[in-house]
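S.K.:
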Amino acid sequence: MTIAYRQAVLKSGLRAALSPLIAVAAALTVGALLMLLAGASPIAAYSALFRQALTTYFGFADTLTKTTPLLLASLGVLVALRAGQFNLGAEGQIYMGGLGSLLVGLAFSDLPMVIHLPLALLGGFAFGAAWGAIAGYLKVARGLNEVLTTLLLNYIAQYLISYLVNGPLKAANAPSPFSELVAPSAYLPTILGKTQAHAGIFLGIALSTLLTLAFAITAWGYRVDAVGQNPVAARYAGISVNRTILQVIALSGGLAGLAGSSEVLGLKRRLFENFSPGYGFDALAIALLSRGNPAVVILTSFFFGMLRSGANVMQRSASVPVSIIYAIQGLTVLFVAISLALEQQVQSPKPDS
Amino acid sequence: MSELESGLRLVGITKQFGPFIANNSISLTVPTGCIHGLLGENGAGKSTLMNILSGLYQPDEGKIFLDKKPIDIKTPADAIKHGIGMIHQHFMLVPQLTVVENIVLGSADSLRLNIKAQAKEITQLGKDYGLEVPPLARVGDLPVGIQQRVEILKVLYRQARILILDEPTAVLTPAEITAFLQVLRRLAARACTIIFISHKLDEVMAVCDEVTVLRQGNVVATRAIAQTNRTELARLMVDRSVEINTRPIPQSAGKVILNLKNVWANAAAISAQSKTHAILALRGLSLQVRAGEIVGIAGVDGNGQRELADAIAGLIPIQKGTIEIGSEAAAQQPIAYIPEDRQQQGLILSFSIAHNLILKAFSKLPFCRRWILQRAEIAAHAKSAIQTFDIRAASAQLKAGQLSGGNQQKVILARELAGEPGVIIAMQPTRGLDIGAIAAVQQSLLAQRSRGAAILYISTELEDVMAMSDRLAVIYRGQLVDILEASSATLEQVGALMVGSTEIKESLATAEKLETGVSPEVKALETNSSATKGKGERL
Chain A
457 MTIAYRQAVL
467 KSGLRAALSP
477 LIAVAAALTV
487 GALLMLLAGA
497 SPIAAYSALF
507 RQALTTYFGF
517 ADTLTKTTPL
527 LLASLGVLVA
537 LRAGQFNLGA
547 EGQIYMGGLG
557 SLLVGLAFSD
567 LPMVIHLPLA
577 LLGGFAFGAA
587 WGAIAGYLKV
597 ARGLNEVLTT
607 LLLNYIAQYL
617 ISYLVNGPLK
627 AANAPSPFSE
637 LVAPSAYLPT
647 ILGKTQAHAG
657 IFLGIALSTL
667 LTLAFAITAW
677 GYRVDAVGQN
687 PVAARYAGIS
697 VNRTILQVIA
707 LSGGLAGLAG
717 SSEVLGLKRR
727 LFENFSPGYG
737 FDALAIALLS
747 RGNPAVVILT
757 SFFFGMLRSG
767 ANVMQRSASV
777 PVSIIYAIQG
787 LTVLFVAISL
797 ALEQQVQSPK
807 PDS
Chain B
775 MSELESGLRL
785 VGITKQFGPF
795 IANNSISLTV
805 PTGCIHGLLG
815 ENGAGKSTLM
825 NILSGLYQPD
835 EGKIFLDKKP
845 IDIKTPADAI
855 KHGIGMIHQH
865 FMLVPQLTVV
875 ENIVLGSADS
885 LRLNIKAQAK
895 EITQLGKDYG
905 LEVPPLARVG
915 DLPVGIQQRV
925 EILKVLYRQA
935 RILILDEPTA
945 VLTPAEITAF
955 LQVLRRLAAR
965 ACTIIFISHK
975 LDEVMAVCDE
985 VTVLRQGNVV
995 ATRAIAQTNR
1005 TELARLMVDR
1015 SVEINTRPIP
1025 QSAGKVILNL
1035 KNVWANAAAI
1045 SAQSKTHAIL
1055 ALRGLSLQVR
1065 AGEIVGIAGV
1075 DGNGQRELAD
1085 AIAGLIPIQK
1095 GTIEIGSEAA
1105 AQQPIAYIPE
1115 DRQQQGLILS
1125 FSIAHNLILK
1135 AFSKLPFCRR
1145 WILQRAEIAA
1155 HAKSAIQTFD
1165 IRAASAQLKA
1175 GQLSGGNQQK
1185 VILARELAGE
1195 PGVIIAMQPT
1205 RGLDIGAIAA
1215 VQQSLLAQRS
1225 RGAAILYIST
1235 ELEDVMAMSD
1245 RLAVIYRGQL
1255 VDILEASSAT
1265 LEQVGALMVG
1275 STEIKESLAT
1285 AEKLETGVSP
1295 EVKALETNSS
1305 ATKGKGERL
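Right, here's the structure in full:
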């Protein structure tokens, strides 16, 4: 009985690890078919993509640059997912986080970096968290579905930033809408010389490790999981479900906000209009693909970052439209959903209920 | 019964899951027009057998004969084709659709959906079998008893002649059960063959012609009801003589621990319900429970029991009145609450047994130190709880969802009774359990009583609550009608109080009550179906 049980556990564990890989492989295969339809050679296209994104110095740096905001925002979406909440608002939280970091970055000019940079990151976290908390509050106090509120808050955030960089925050004599540069003491340092890759990636890896630990061994992680798995039972056991949800959505917003911070402090060093090319929505796909596992998010984000970074080169050298890359991203999510559904069917029948 | 003209016959059905034999060469004969009871503890193999009949599982060995012809049931569609209909314990209805829509769902063979004609047909079908339903009412608005009729009609509408009912009375009120058993007899009289799965000996004795007892996958005995009795059946089921009516040994109660004064509260809208119902569920209820005393709350489901329990546990606010929990020990310990719905309210099914056991205390010593969960302490606690409460599981890492109902309830008991709580609220703690598990639950609670806990025992099963209580309070429309000494109260007396046949103010009367007649009630529901919405949560 015990041995059979252990085998079953091992099997299901293997399957859980394997199926995202299968999903990715299937998505790449269907992507290849699409390329054939578009009249291009999939082999040439993929080899251009992966060679560029992984083996060239600048390409790899670009992959890291793209991975960073994806990783941070995905961690945010994932934390909410663990508590059973769908945060579709990572995009808006990225914008707000960028704003928060910019304001702190502009506010001081003579602080040492060890104080200014953490402060600027904190500003981004706080703005993102506050933006998330609006949705959390509306859910907890007013019963509004967070799926809707987080999604709609995206537009408000995005247009708010557009207004600010077109108006009050617009840099003097700027030809297009962007703000002044933040003080150099708030820069996230570049990690690979002559490229844009910055230290934000370390922040992402550190936070992912921290979250993995938090869910594995802390009482906080246990509480979040309890609320996510069965809020009714959690409530009956005396856990404050509302407080947990509010807390988690705020944290989720804060983490997504850090993605905005890393774009502003590490990459652009100032605030641009529409600076996020949909990282917040990719984050949703990444979090789902990683199945709530904050360690797996690192790999998944890297994969998505790689696709984004190699896409342009692929277009140039193999004349495959970039939109195929978006199709592959979408297909990956689709195949993950299919594998989840299949697993539920395969689960062995119980002898008696 | 060896000469079977027509009916259902199972011969040597065997089903194995890995090393576990769920059904071991089971043979069963049910002649047409008979009601055949299937008794057995959880895990005895009843559900497996029924799943084989309804096409969900394939037997490893054995044959099924219908009217002397061997049949193969490979899929649920095959089962329907052969006229076998399954009525599950948890209804398979779409609450947003009307009765007619639910019944014709999936069975319509033409593109045109003629609801009017079908409504007529269903009304006629209902009349034929004495299963009257309001055809155009939304199923979600109907009381559970009526929903069950819809479920049965759905099967009859598909021309089923063999009905399998899995624990059909678990969700019904006593009045609904009586009506339901009459319906079963009528169905049998009209040449339906019925397999009735139940834990409740009384119902099996009342309605079945024959009964088969399963134990650990084997047929232990088949008896004609006329030639057996409750005691024998109980013994056959568990293979040990259990005392069914264990009235607690009298003991002198201590001081008042739980004191409710004039409590008013709105109906709870805790679980999946979307709307808050501003309907008063408790109307000035007062009650005292002393240390070392079990006070039973008897009543028809939906008369405020749920809100009473939730209000004491602090899960819903009270509008007026006070709830005092009056001892130093009790003030420090959280109230032990065994909720009504094990799977929804009591457990996190995807968590392990060990993690379910710490659901209430996970953030405190010894399970948590400086925000870190203490793995060793949690494992040790699980091990001892599994032993103390006789939870039958191979490992503490097993998920709660993989346990049988009885073992799930034991996990909840182990969690709630840990740390000597001063006040214990037990809401339907034995519902749906087999006799062995019921005895275990009752003994745990009696042990707590001897220790000096103040226990509120809420159950809609009258005999259950009478057997366990020192004093018995009867709840009706949010008020306690009377508080009796359990030793001198009679079933008839309590039964009369439960349906409000004393001097209850009729000003409270609305269309929402269902314990009276059938047909006028159904009509009332049809016209005023929204009035029933306040009657607590439903699936």
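For the record, the sequence lines run as chains A and B.
Counting from 457, one number per residue, gives the positions in the first sequence under the working numbering.
Counting from 775, one number per residue, gives the positions in the second sequence under the working numbering.
For every residue, glycine included, the Cβ atom is placed at its ideal position computed from N, Cα and C.
1) What residue range is occupied by the uninterrupted beta strand (DSSP E) comprising A:N610?
2) At a CB distance below 7 Å, what residues from the region 1132-1165 of chain B approach chain A? Give them in sequence order.
3) For A:K522, write down the residues that DSSP places opposite it in a beta bridge.
4) If we count Cβ pairs, one from each stretch, closer than 8 Å, do we get three or more for the region 794-814 of chain B versus the region 829-843 of chain B?
5) My understanding is that B:I938 touches B:G857, with C-beta atoms under 8 Å, so please give their C-beta distance in whole angstroms.
6) Taking the C-alpha atoms as reference points, what is the distance between B:L813 and B:T986?
7) So, is B:R1225 buried or exposed, given that buried needs 16 or more other C-beta atoms within 10 angstroms?
8) Shortest alpha-carbon distance to A:D738 belongs to which of A:H572, A:Y692 and A:A715?
9) Taking Cβ-Cβ distances shorter than 8 Å, what residues in chain A pair up with B:Y1111?
10) Buried or exposed for B:M824, please, with buried defined as at least 16 other CB atoms from any protein chain shown within 10 angstroms of its CB.
11) From the beta carbon of B:P1195, is the nearest beta carbon of chain A less than 7 Å away?
12) Relative to chain B, which residues along the region 676-690 of chain A have a C-beta separation below 9 Å, given in chain order?
13) For the candidate residues A:Y643, A:A517 and A:F516, whose alpha-carbon lies nearest to that of A:L570?
14) At a Cβ cut of 9 Å, what residues of the region 1120-1132 of chain B count as close to chain A, listed as they run along the chain?
15) Counting only C-beta atoms, is B:P1108 closer than 7 Å to chain E at any point?
16) Under DSSP, the beta strand (DSSP E) around B:A995 begins and ends at which residues?
17) Mind checking which residues open and close the alpha helix (DSSP H) that includes A:I590?
18) Helix, strand or coil for A:T674 per DSSP?
19) Just curious, the beta strand (DSSP E) that B:E1098 is in, first and last residue?
20) Could you please tell me which residues of the region 663-675 of chain A, in chain order, have their CB closer than 8 Å to any CB of chain B?
21) Where does A:T511 fall in DSSP's three states?
22) Can you tell me whether A:F658 is buried or exposed, with buried defined as 16 or more other CB within 10 angstroms of its CB?
23) Return the CA-CA distance between B:G1066 and B:I1092, expressed in angstroms with no decimal places.
24) Can you tell me which of B:R1189, B:L1172 and B:I1165 puts its alpha carbon nearest to the alpha carbon of B:G1210?
25) On the DSSP letters alone, give me the boundaries of the alpha helix (DSSP H) that B:Q898 sits inside.
26) What residues of chain A sit near B:L1089, judged by a beta carbon separation below 8 Å?
27) How many angstroms separate the CA atom of B:P1140 from the CA atom of B:I1146?
28) For B:I838, does the three-state DSSP call read helix, strand or coil?
29) Please list, in chain order, the chain A residues whose beta carbon lies closer than 8 Å to that of B:Q1118.
30) Check whether the Cβ atoms of A:G722 and A:G656 sit closer than 7 Å, and answer yes or no.
31) Decide if A:A610 is buried, meaning its Cβ has at least 16 other Cβ atoms within 10 Å, or exposed.
32) If you run the structure through DSSP and keep just helix, strand and coil, what is B:T952?
33) On the DSSP letters alone, give me the boundaries of the alpha helix (DSSP H) that B:T1162 sits inside.
34) Is the Cβ-Cβ distance between A:N698 and A:V596 less than 7 Å?
35) Which residue marks the beginning of the beta strand (DSSP E) containing B:M860, and which one marks its end?
M.R.: Looking at the atomic coordinates:
1) The continuous stretches of beta strand (DSSP E) do not include A:N610, which lies in the alpha helix (DSSP H) extending over residues E602 to N622.
2) Taken in chain order, the members of the region 1132-1165 of chain B whose beta-carbon sits within less than 7 Å of a beta-carbon on chain A are L1133, K1134, F1136, S1137, C1142, W1145, I1146 and L1147.
3) A:K522 is not bridged to any residue.
4) Per the Cβ contact rule, the region 794-814 of chain B is in contact with the region 829-843 of chain B (3 or more Cβ pairs under 8 Å).
5) About 11 Å separates the two Cβ atoms, so there is no contact after all.
6) Whole-angstrom Cα-Cα distance: 6 Å.
7) So B:R1225 ends up on the exposed side.
8) Of the candidates A:H572, A:Y692 and A:A715, the one whose C-alpha sits nearest the C-alpha of A:D738 is A:A715.
9) Result: Y692.
10) By the 10 Å Cβ count, B:M824 comes out buried.
11) For B:P1195, the answer is no, since every Cβ of chain A falls outside 7 Å of its Cβ.
12) Listed in sequence order: W676, G677, Y678, R679, D681, A682, Q685, N686, V688, A689 and A690.
13) The sequence as given places Val at residue 570 of chain A; Leu does not occur at that position. When only C-alpha atoms are compared, the closest one is A:Y643.
14) Those residues of the region 1120-1132 of chain B placed with their C-beta closer than 9 Å to a C-beta in chain A are G1120, L1121, I1122, L1123, S1124, F1125, H1129, N1130 and I1132, ordered along the chain.
15) Here the protein chains are A and B, and chain E is not one of them.
16) Where B:A995 is concerned, the enclosing beta strand (DSSP E) stretches over N992 to A998.
17) Taken as a continuous stretch (DSSP letters only), the alpha helix (DSSP H) holding A:I590 covers M569 to R598.
18) Here A:T674 sits in strand by DSSP.
19) Membership of B:E1098 in the beta strand (DSSP E) is indicated by the continuous run K1094 to I1099.
20) Residues of the region 663-675 of chain A that bring their beta carbon within less than 8 Å of a beta carbon in chain B comprise I673, T674 and A675, in sequence order.
21) A:T511 falls in the helix class under three-state DSSP.
22) A:F658 should be labelled exposed.
23) Straight across, the Cα-Cα distance linking B:G1066 with B:I1092 is about 26 Å.
24) Measuring from the Cα of B:G1210, the nearest candidate turns out to be B:I1165.
25) Residue range I889 to Y903 is occupied by the alpha helix (DSSP H) that includes B:Q898.
26) Those within 8 Å of B:L1089 in chain A are R691 and Y692.
27) When rounded, the distance between both Cα atoms is 10 Å.
28) Strand, per DSSP.
29) Annotation: Cβ neighbours of B:Q1118 in chain A (cutoff 8 Å, chain order): N686, V688 and A689.
30) Between A:G722 and A:G656, the gap from beta carbon to beta carbon is short of 7 Å.
31) Looking at the sequence provided, one finds Asn at residue 610 of chain A rather than Ala. It is buried - the Cβ of A:N610 has at least 16 other Cβ atoms within 10 Å.
32) Helix.
33) Run containing B:T1162: R1149 to T1162, per the alpha helix (DSSP H) assignment.
34) In contact: A:N698 and A:V596 (Cβ atoms closer than 7 Å).
35) For B:M860, the uninterrupted beta strand (DSSP E) segment begins and ends at I858 to I861.
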